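Heads up: the structure comes next, in structure tokens.
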Amino acid sequence: MQKFTTLTAIAAPLPLANVDTDKIIPARFLKTIKRTGLGKNLFNAMRYNEDGSEKPDFVLNQEPYRKAEVLIAGENFGCGSSREHAPWALLDFGIRCVIAPDFADIFHNNCFKNGILPIKLPAEQVEKLMADARLGGNARITVDLEKEEIVRPNGERIGFKIDPFRRHCLLNGLDDIGLTMQRAGAIDSYEAKLRETQPWR
Amino acid sequence: MVQSAKPRTLFDKIWDAHVVDRMEDGTCLIYIDRHLVHEVTSPQAFEGLRATGRKVRRPDLTTAVADHNIPTSDRRKGIAEEESRIQVETLEENVKAFGVPYIPILDVRQGIVHIIGPELGLSQPGMTIVCGDSHTSTHGALGALAFGIGTSEVEHVLATQTLLQRPAKNMRISVEGTLPFGCSGKDMILAIIARIGTAGGTGHVIEYAGEAVRALDMAGRMTVCNMTIEAGARAGLVAPDETTFAYVKGRPHAPSAANWDKAVAYWRTLPSDPGATYDKEVVLKAAEIVPMVTWGTSPEDALPVTERVPDPAATADEKRRAAMQRMVEYMGLTPGQKLSEVTIDKVFIGSCTNGRIEDLRAAAAVAKGRKVADGVYAMVVPGSGLVKKQAEEEGIDRILIEAGFDWREPGCSMCLGMNPDKLKPGERCASTSNRNFEGRQGPGGRTHLVSPAMAAAAAVTGRLADVRELG
Ligand code: SF4
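Read top to bottom, the protein sequences are chains A and B.
Per my numbering, the first sequence starts with residue 9, numbered consecutively.
Per my numbering, the second sequence starts with residue 10, numbered consecutively.
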């Protein structure tokens, strides 16, 4: 997994609530057996016309947002299915950080497993960043996971909090499976106890 | 170790019984009793195992089946769509290479993963059950902690039979009284989501309680737990009781002989202790529930079928007004229009929400002796091969076919439009599935979520009719 330490980048504003995983990546693009290549279908219905041409008014079809690495979004971002294709599509497009008032649980979880930093902030602060994002190319924002703060283009700092374990994994690019396998002893003894006490399980 | 005397909820009990290890910050390594695997969210997980030289730790606790992509026409001819075929073939190669039990497409037990888990007795009370699919919440109806996971977690469970999780908060939704005539578990859960919103349960596990929930059969409980994810919670629970035990008993993977008694004795200890506290409580009166239908593109935009399409202009909140405007436009509705007069093009009866035998019986009861309205295409997709077989034994297929319904092979089908069953742009569908998102059933398609009885009523009237009018 790619590490996440700090990022200074263009942020794209997407001021919609309840952006669901079908919007992020419609089901018909889930037929891949790879993790990569989904970026071109990110936000497919919002981004393209039926004939495949781009919708010019969609934010990610505009300069400089084609190069956005941060997404500023509305409430309940990522609701819907458990498809990890949603973070894969964001990542493949180049998004490394999503900032929203809140996220759907599974999507939130899936972001951390793929090196994307999802940041929950109070709505007023998301609004400020949304305004910054609307400024376009000259208004880069900095996301510093080490210090747990965002630096706005005007220099104002906004703090955020990330679960310590997840922060540690993201900062170091650590793979959960490797960490868990170090606890194989505990899993073995759990299974041994289970065979005795709950043989039907 | 002596358990603390603090009264615990059903969720607390299942959680405590599965903690393998606890980190300093409260994250727990929890043991997984059942892992269900399907073709869409697993290829990258197996790819990960291969790349790191890891094995599947407990193939015996894992079951794989293909459901999302497969055609609902005759499968003996194979899968025509190349990408879908590749996904199914990849699953078949992976289960072989890693020794995972697999239910082949032509096996009568094949079906939607959340239908077959309970049906085969793989899902049992007190278990932790996961699958790379958000509607894993369905299995919570048995009193199991069941939730959807992403592909990285699928890989984690395959490799370690555990997951890293933080405990959820407890929420209880009680539905008091008796559900009125014409209402089912589907109407109950739509009413709940309309009340608490699609983020209402975020961060919580929802325990459904109250007389009306207790009175539901297992199919109804599964429908309610299924759509818990649409209420923002990853898992729903119904305390196991006699209805649950009677359902599990005798199923192929259910405990048998002496183990059965041991298991039931344990399952009886699971219901929440008196005095257990919840972080959030919601109470609904069953008597106030009316057959529900969604009008918008989020499951929370549901109303009694007796209502009218809401008017965005009458909404004070600016953001909500804009969202409503967009939804009304996408759905091609007129504010103030009576919902029961909205005409439909297609009907879809099936999915892990409403693809069980009880659902097909409810649809057939309405369709019996009637005809699908002119210009309407209505399809029935049983949730599994066993559901289909039972329906055929009961003659339900004949009632539906005579009424003009298309009787299909089991799978996810038009619930998500990954196979050829899709809506065309602008087409309007009364659907027993769980998501009415834009484009969910095909690009530009318009979905109204309803119960199986309401879907059948829509099929025979050609509009979102109130099933109670049909008697
Ligand atoms: S029936 Fe629909 S919701 Fe259920 S598993 Fe299949 S696609 Fe998902």
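Even for Gly, the Cβ is constructed at its ideal location relative to N, Cα and C.
Source: prediction; values computed, not measured.
CB contact check: residue i to chain A, cutoff 8 Å
i	result
THR160/B	yes
TYR40/B	yes
ASP30/B	yes
PRO280/B	no
PHE190/B	no
SER143/B	yes
PHE446/B	yes
PRO113/B	no
ASN268/B	yes
ASN78/B	yes
VAL49/B	yes
GLU101/B	no
ASP34/B	yes
GLU294/B	Just to set this straight, residue 294/B is Lys in the shown sequence, not Glu. LYS294/B does not count as touching chain A.
LEU19/B	no
Contact check, residue i vs residue j, beta carbons under 8 Å
i	j	result
ARG452/B	PRO429/B	Per the sequence shown, residue 452/B should be read as Pro rather than Arg. For PRO452/B and PRO429/B, no; Cβs fall outside 8 Å.
GLY86/A	ILE33/A	no
ILE158/B	VAL74/B	no
GLY485/B	GLY471/B	A query on residue 485/B cannot be resolved here, the shown segment of chain B reaching from 10 to 480 and no further.
THR8/B	VAL299/B	The structure shown does not extend to residue 8/B, since chain B spans only 10 to 480, so no value can be given for it.
CYS361/B	ILE201/B	no
LEU151/B	ILE39/B	no
ARG365/B	VAL396/B	yes
ALA94/A	ILE18/A	no
ARG104/A	LEU15/A	yes
LEU188/B	ALA295/B	yes
PRO280/B	LEU58/B	no
ALA240/B	GLY210/B	yes
Of the listed residues the options, nearest to residue i (C-alpha basis)
i	options	result
GLY186/A	PRO189/B, ILE198/B and LEU167/B	LEU167/B
ALA466/B	VAL302/B, ARG31/B, ALA106/B and ASP288/B	VAL302/B
GLY167/A	PRO161/A, ARG175/A and GLU157/A	GLU157/A
PHE37/A	HIS77/B, ALA200/B, GLU411/B and ASN103/B	HIS77/B
MET236/B	ASN445/B, ASP475/B, LYS22/B and MET463/B	ASN445/B
SER393/B	ASP368/B, ALA221/B and VAL117/B	VAL117/B
PRO109/A	GLU58/A, PRO207/A, GLN133/A and ASN122/A	GLN133/A
VAL389/B	PHE357/B, GLY378/B, ARG379/B and GLY404/B	PHE357/B
ALA322/B	ALA372/B, GLY345/B and ASP250/B	GLY345/B
Beta carbon proximity, residue i to chain B, threshold 8 Å
i	result
GLN206/A	yes
LEU38/A	yes
SER61/A	no
PHE85/A	no
ASN49/A	no
ALA108/A	no
GLU92/A	yes
ASN180/A	no
GLY123/A	no
PRO21/A	no
GLY45/A	no
ALA131/A	no
ASP65/A	no
ARG203/A	no
ARG142/A	no
TYR198/A	yes
Buried versus exposed, by CB contacts within 10 Å (16 or more), residue i
i	result
LYS15/B	exposed
MET10/B	Model confidence at MET10/B stands at a pLDDT of 45, short of 50, so the residue's coordinates are unreliable and nothing is read from them.
PRO7/A	Because chain A spans 9 through 209 in this model, residue 7/A falls outside it and cannot be assessed.
GLY45/A	exposed
GLU154/A	exposed
PRO264/B	buried
SER61/A	exposed
ASP28/A	buried
THR253/B	buried
ILE80/A	buried
ILE410/B	exposed
TRP24/B	buried
LYS355/B	buried
Cβ neighbours of residue i in the same chain (closer than 7 Å, five flanking residues each side left out)
i	result
VAL381/B	ALA387, ALA412, GLY413, PHE414, ALA468 and VAL469
Spatial neighbours of residue i in its chain, beta-carbon cut-off 6 Å, leaving aside the 5 residues before and after
i	result
GLY426/B	GLN450 and GLY451
PHE66/A	MET54 and ARG55
ILE353/B	ARG437, ALA439 and ALA467
Sequence-distant residues of its chain with Cβ nearer than 8 Å to residue i (five each side left out)
i	result
GLU367/B	ASP226, ALA228 and GLY229
LYS258/B	TRP269
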